[in-house]
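Here is the structure we will look at.
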Amino acid sequence: MDSPSSVALQRRLEICSDPGSGPGSGPGSGPHLNGCVPLSHQVAGHKYGVDKVGILQHPDGTVLKQLQPPPRGPREMKFYSMVYEKDCRDPCLLDLQQYLPKYYGTWSSADSPTDLYLKLEDVTRRFQKPCIMDVKIGQRSFDPFASQEKREQQIRKYPLMEEIGFLVLGMRVYNVSLDSFDSYDQHYGRGLVKDTIKDGLSKFFFNGEVLRKDAITASIVKVQKILQWFEGQSQLNFYASSLLFVYDGVSSVHSHTLSVQEKTMARSLQKAEGVVEYNNNIDQSLSTMYSLHKKGCTRSHHQSKQDNSKWQPNGNHSPIQLDAKGQDKSGEAEKISADVEIRMIDFAHVFPSEVQDHGYIYGLRNLLKVLQEILED
Ligand SMILES: Nc1ncnc2c1ncn2[C@@H]1O[C@H](COP(=O)(O)OP(=O)(O)OP(=O)(O)O)[C@@H](O)[C@H]1O
Ligand SMILES: [Mg+2]
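By our numbering, the letter at position 122 of the sequence shown is numbered 185, and the numbering carries on one by one without gaps.
Written as structure tokens, this is what we have:
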């Protein structure tokens, strides 16, 4: 089997030899900066060459996200700097790092030193045929400071956000029979309603031949860990932020059918979901973020542990046990599931808070419920 580094090298060569993504080939654009090219496997958001700003791929394998105009770009940059601050002692933020792409600071080219980019780990890099999905999480896509016009515009884009709590912004899925990727843009996700959301989401796990239940199981485990982090913190609220799902379209183990025990293990990770009331008690400015983030979340971790105990099913099987940090202690989940990456991205609308992020938590719970339903079909 290919080592991660040889897979990354092969993917880099593919990118360089792709005539549609080489320097100077972007729509209406000249040669790209220092050998950087538009991100070839971007599934949503602003696209370089199409929009004024977008995401680039650096020759070293990282991705460069161009800073959006203020206040969004600087806000996202401050968020990354805060989470990855060298002397950070806040357990909550230290814990959060594992759910974000690694951050390598800002980047700019010698020609245009004031044009700033965030230099980030490409979370798809180690995969041979990365299947990628960007899902916006939360019950609303606008932040507490948005104008009435912005609020209405965002609600019009997807009126079901409040009820469903997530929105598929885009995805690309590898079809093993055709040896090609199928892409779905933002219009696909916006067309999904309550009755079609399950089938719509399941497309991400269908490779043209089978449903990749191994990838669904792994996704449930990872989303559950992120949910645990959210249940244990009350210092940050996220609006219009996404989860980026990645799994490999080629896999040596395609788990076509899961045993009853495997299904039960995955189900045991599904916490009973409930309707969560939205709390709009947020009026802090970004400047208070730095003092607020000093608060630890020990109590909350304790709380998460208690919650975890409630998930234990009644049967005789042994459920996957997550510790206080959300780690699978026994490693059982790994045995039955695919290698999946799920990272939080897009932090242009993150704000300090004093309450749990009810909208995001609601979205994660509903997403877990739908994933579980796909698995049980
Ligand atoms: N760290 C990363 N690794 C791999 N791909 C990424 C990464 N960050 C972003 N992408 C790709 O770029 C897309 C857009 O990213 P992002 O949501 O951060 O930008 P955006 O929506 O244009 O930003 P904004 O909402 O701030 O205007 C994602 O859907 C994903 O395909
Ligand atoms: Mg985005």
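Even glycine gets a Cβ: it sits at the ideal position worked out from N, Cα and C.
Remember, it's a predicted structure, so these values are computed and weren't measured experimentally.
Taking 7 angstroms as the cut-off, one finds at least one heavy atom of ligand 1 near enough to the beta carbon of K128.
Distance between A209 and V198, taken at the CA atoms: about 21 angstroms. For S282, the uninterrupted alpha helix (DSSP H) segment begins and ends at 276 to 294. Within 7 angstroms of the C-beta of H121 there is not a single heavy atom belonging to ligand 1.
Counted as a single uninterrupted DSSP element, the alpha helix (DSSP H) harbouring F142 occupies residues 135 to 146.
DSSP places G233 inside the beta strand (DSSP E), whose first and last residues are 229 to 238.
A heavy atom of ligand 1 is found nearer than 7 angstroms to the CB of G108. Counting C-beta pairs with one atom in each stretch, the segment 248 to 256 and the segment 282 to 297 have fewer than three that are closer than 8 angstroms, which means they do not touch.
For D158, the enclosing alpha helix (DSSP H) stretches over residues 154 to 159. Here the segment 214 to 221 does not lie against the segment 146 to 166, with fewer than 3 beta-carbon pairs under 8 angstroms apart. Secondary structure remark: continuous alpha helix (DSSP H) runs of at least 4 residues inside the segment 181 to 265, in chain order: 211 to 220, 224 to 227, 249 to 253, 260 to 265. At least one heavy atom of ligand 2 lies less than 7 angstroms from the C-beta of L232. At least one heavy atom of ligand 2 lies less than 7 angstroms from the C-beta of S305.
Q435 and A173 have their C-alpha atoms roughly 49 angstroms apart. The segment 292 to 308 makes contact with the segment 408 to 424: 3 or more CB pairs, one atom from each, lie closer than 8 angstroms. Rounded to the nearest whole angstrom, the C-alpha separation of L179 and D409 is 16 angstroms. For K432, the enclosing alpha helix (DSSP H) starts and ends at 421 to 439. Between K182 and T125, the beta carbon gap of about 5 angstroms places them in contact (Cβ cut-off 8 angstroms). Under the 8 angstroms Cβ criterion, the segment 184 to 197 counts as touching the segment 229 to 238, having at least three qualifying pairs. Taking 7 angstroms as the cut-off, the C-beta of D409 counts as close to a heavy atom of ligand 2. Ligand 1 approaches Q105 closely enough that one of its heavy atoms is under 7 angstroms from the residue's Cβ.
With respect to the C-alpha of E139, the residue from A278, A303, K266, L223 having the closest C-alpha is A303. L130 sits in coil when the DSSP states are folded into three classes, being neither helix nor strand. In the DSSP assignment, Q120 falls within the unbroken beta strand (DSSP E) covering 118 to 120. Pairing S400 with T280 gives a Cβ-Cβ distance under 8 angstroms. By the Cβ-count criterion, Q105 is buried, with 16 or more other Cβ atoms from all chains shown falling within 10 Å of its own Cβ.
When the beta-carbon positions are compared, L427 and I227 stay at least 8 angstroms from each other. N270 and D311 have their C-alpha atoms some 10 angstroms from each other. Inclusion of T187 in the 7 angstroms shell around ligand 1 follows from its C-beta lying nearer than that to a non-hydrogen atom of the ligand. If you draw a straight line from the Cα of D206 to the Cα of L163, it is about 20 angstroms long. Your pair G117 and P134 does not check out as a contact, with CB atoms roughly 19 angstroms apart and the cut at 8 angstroms. Within the same chain, Cβ atoms closer than 6 angstroms to the Cβ of F244 are found at R235, Y237, the five residues on either side in sequence being excluded. Within 10 angstroms of the beta-carbon of H121 lie 16 or more other beta-carbons, which makes it buried. Look at D402: its beta carbon is at least 7 angstroms from all of the heavy atoms in ligand 1.
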